[in-house]
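K.L.:
Here this note's numbering is used: the first residue of the sequence shown is 14, the next is one more, and so on.
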Amino acid sequence: MDQPPGSPQEPKDAQGTPGCYRHPDRPTGISCTRCERPICPECMVSASVGFQCPECVRGGSGTGHAPSANQPRTMAGGTITSDPRLVTKVLLGLCVAVFVVQMAVGERFTERFEMLGLAWVPDLGGLEGVAEGQWYRLLTAMFLHGSYVHIAFNMLSLWWIGGPLEAALGRARYIALYLVSGLAGSALTYLLAAQNQPSLGASGAIFGLFGATAVLMRRLNYDLRPVIALLVINLIFTFSPGFNIAWQAHIGGLAGGLIVGYAMVHAPRERRALVQYGTCALVLVAVLVTVVVRSAQLT
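#1: Reducing DSSP to helix, strand and coil, say where L178 ends up.
#2: Go ahead and pull the three-state DSSP assignment for L311.
#3: Which same chain residues, not among the five before or five after I264, have their C-beta less than 7 angstroms away from its C-beta?
#4: Applying the criterion that 16 or more other CB atoms from any shown protein chain within 10 Å of the CB defines a buried residue, is P18 buried or exposed?
#5: Taking the beta carbon of L301 as the centre, do at least 16 other beta carbons fall within 10 Å, making it buried, or is it exposed?
#6: If you draw a straight line from the C-alpha of M14 to the C-alpha of R47, how long is it?
#7: Whole angstroms are fine: how far does the CA of P54 sit from the CA of G77?
#8: Which residues bound the beta strand (DSSP E) around L140?
#9: What residues are listed by DSSP as bridge partners for G51?
#10: Would you call T312 buried or exposed, if buried means 16 or more other Cβ atoms sit within 10 Å of its Cβ?
#11: Between which two residues does the alpha helix (DSSP H) holding W260 run?
#12: Applying the criterion that 16 or more other CB atoms from any shown protein chain within 10 Å of the CB defines a buried residue, is Q310 buried or exposed?
#13: Check this for me: beta carbons of V240 and V278, under 9 angstroms apart or not?
#14: Measuring alpha carbon to alpha carbon, tell me which residue in G195, R282, V245 is nearest L297.
#15: If we call anything under 9 angstroms between Cβ atoms a contact, is G176 one with A89?
#16: Would you check if the distance between the CB atom of M325 and the CB atom of R150 is smaller than 9 angstroms?
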């Protein structure tokens, strides 16, 4: 049976309530006053009478605002973009580019930028490490890798987990999550690992993406078993003898990802940015305190 224009068939839940046309898993009783499509609270834009959907607003349909005043948002409040995986592609490209430099320049390059607490490095001719004021190592180690297998595994995980998460959070929030998780992993490594034990890799940040993905899937009532199974498998490898894995980076990154991810997807809409970036700031303060305390111990 044909339908009149502007009234497309929408998915319904068990009670017959239609789902939002942009988020079908969210039942709603509100419709756009112009096109009559069901819209959830995240997609509602106040109009002179009732609410309108983002598409009608962009078309300048009478809200009293310019078409660019209201843009479609991700569930975390980020702007929807034409390429939702752009940041993931850039991060992947950076890791691969740095790995090429590692292979071309040799160990001297890696030793200058890997995570290291405090140790004498003969190739560099002196004491090196975060305790010597080289705090940049907390960040640069996230883009280094030790072998072809190491970078291949991490980049596959980044592409598989990172792309959908970036689309759900938006670019700015995704970058914040990635960097904060990676720094949390580096900080815990600095605190708990042997001071002369170097470590490197994007695993801490990627474990943060795992944690945030679990929070997101729980928020959307998706089946958590696949991501939990994958996380358990990775943790088994993390603590298995013989793999020489810095478990501190994995656990620190996972904890950071869970905390920041929870703030990203559960922040109340009216003060969403404050809660989201405020949580990132609190985790960074914890990272700072950890680094200062450990540096005092080593010096």
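For each residue, glycine too, the CB sits at the ideal point set by N, CA and C.
P.N.:
Concretely, from the data shown:
#1: helix
#2: helix
#3: L201
#4: At P18 the pLDDT is 41, less than 50, meaning the model places this residue with poor confidence; the figure from the coordinates comes in the next sentence. The residue in question, P18, is exposed, as its Cβ has fewer than 16 Cβ neighbours within 10 Å.
#5: exposed
#6: For M14, the predicted model reports a pLDDT of 37, less than 50, meaning its position is unreliable; a value from the coordinates is still stated below. Spanning the two alpha carbons is a distance of roughly 23 angstroms.
#7: Residue placement at G77 cannot be trusted, given a pLDDT of 47 that sits under 50; the coordinates are not used to answer.
#8: 139-141
#9: The sequence shown places Pro at residue 51, not Gly. According to DSSP, which records beta bridges pairwise, P51 is partnered with S44.
#10: exposed
#11: 260-279
#12: exposed
#13: no
#14: G195
#15: no
#16: Outside the shown range of the chain (14 to 312) lies residue 325, about which nothing can therefore be said.
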